[in-house]
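Okay, structure first, notes after.
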Amino acid sequence: MTSLTLFERIIARDIPATVVYEDDKFIAIKDIAPKAPTHLLVIPKKVSTRIDEIVDPSEMGELWLTAIKVAREQLGDYRLVVNVGKGGGQEVPHTHIHILGGWEGPVPY
Ligand code: AMP
């Protein structure tokens, strides 16, 4: 038996989340512990543990284009962040892109 990732359980509506975008390949949700006034996660429904496992250029392109589309719709100006592996700060082993923004005044690094 394989266990589902946290994000697969959110996609399956087994765990609640605030969904801001969804199509057949991706979902975007509000981060439960936001590190910016607006903090979203763009998550591929096709599971990979970390972004550098994605080798298909169209799959990689669709992920980034979806993140950019959601970020432009939700924010206009934004920061995209990807944590890769434990040493890169990744806590959830299911590829995702962070969208951060909405700061008033100086933007923290
Ligand atoms: P990372 O450290 O790059 O793996 O990012 C994982 C992100 O998932 C963190 O910013 C967490 O706050 C967020 N997170 C964890 N659990 C949930 C949840 N149930 N719903 C929404 N976001 C979550």
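Heads up, the sequence shown is in this note's numbering, so the first residue is 4 and it goes up one at a time. Backbone N, C-alpha and C define an ideal beta-carbon position, used for all residues, glycine too.
Requested in this report: Could you check the C-alpha separation between residue 78 and residue 86 for me, to the nearest Å?
Outcome: As a working note, residue 78 is residue 75 in the sequence shown. As a working note, residue 86 is residue 83 in the sequence shown. Distance between the alpha carbons of residue 78 and residue 86 is about 21 Å.
Report task. For the alpha helix (DSSP H) holding residue 11, just list the boundary residues, first then last. Result -> Translated into positions along the sequence shown, residue 11 becomes position 8. Start and end: 9-14.
Report task. Look at the alpha carbon of residue 92 and the alpha carbon of residue 53, and state the distance between them as a whole number of angstroms. Result -> Position 89 of the sequence shown, counting from 1, holds the residue named residue 92. Position 50 of the sequence shown, counting from 1, holds the residue named residue 53. About 12 Å.
**Report entry** C-alpha distance - residue 107 paired with residue 17, whole-angstrom precision
**Finding:** On the sequence shown, position 104 is the one that residue 107 refers to. On the sequence shown, position 14 is the one that residue 17 refers to. Near 35 Å, if we compare the C-alpha coordinates of residue 17 and residue 107.
Query raised in the report: Taking 6 Å as the line, does the beta carbon of residue 94 fall inside it for any heavy atom of ligand 1?
Result: Indexing the sequence shown from 1 puts residue 94 at position 91. Yes, ligand 1 has a heavy atom inside 6 Å of this Cβ.
Query raised in the report: To the nearest angstrom, how far is it from the Cα of residue 98 to the Cα of residue 80?
Result: Indexing the sequence shown from 1 puts residue 98 at position 95. Indexing the sequence shown from 1 puts residue 80 at position 77. Cα to Cα, residue 98 sits roughly 23 Å from residue 80.
Query raised in the report: Where does residue 58 sit, in a helix, a strand or coil, going by DSSP?
Result: Mapped onto the sequence shown, residue 58 falls at position 55. Residue 58 falls in the coil class under three-state DSSP.
Query raised in the report: How about residue 45 and residue 70: are their beta carbons less than 7 Å apart?
Result: Indexing the sequence shown from 1 puts residue 45 at position 42. Indexing the sequence shown from 1 puts residue 70 at position 67. Yes, Cβ-Cβ distance for residue 45 and residue 70 is below 7 Å.
Query - ligand 1 heavy atom lying under 6 Å from the CB of residue 36 - result: In the sequence shown, residue 36 corresponds to position 33, counting from 1. Yes - ligand 1 has a heavy atom lying nearer than 6 Å to the Cβ of residue 36.
Requested in this report: Compute the beta-carbon to beta-carbon distance between residue 47 and residue 28, rounded to the nearest angstrom, for a pair I have assumed lies under 8 Å.
Outcome: Residue numbering aside, residue 47 sits at position 44 when the sequence shown is read from its first letter. Residue numbering aside, residue 28 sits at position 25 when the sequence shown is read from its first letter. At roughly 6 Å, the Cβ-Cβ gap stays under 8 Å, so residue 47 and residue 28 are in contact.
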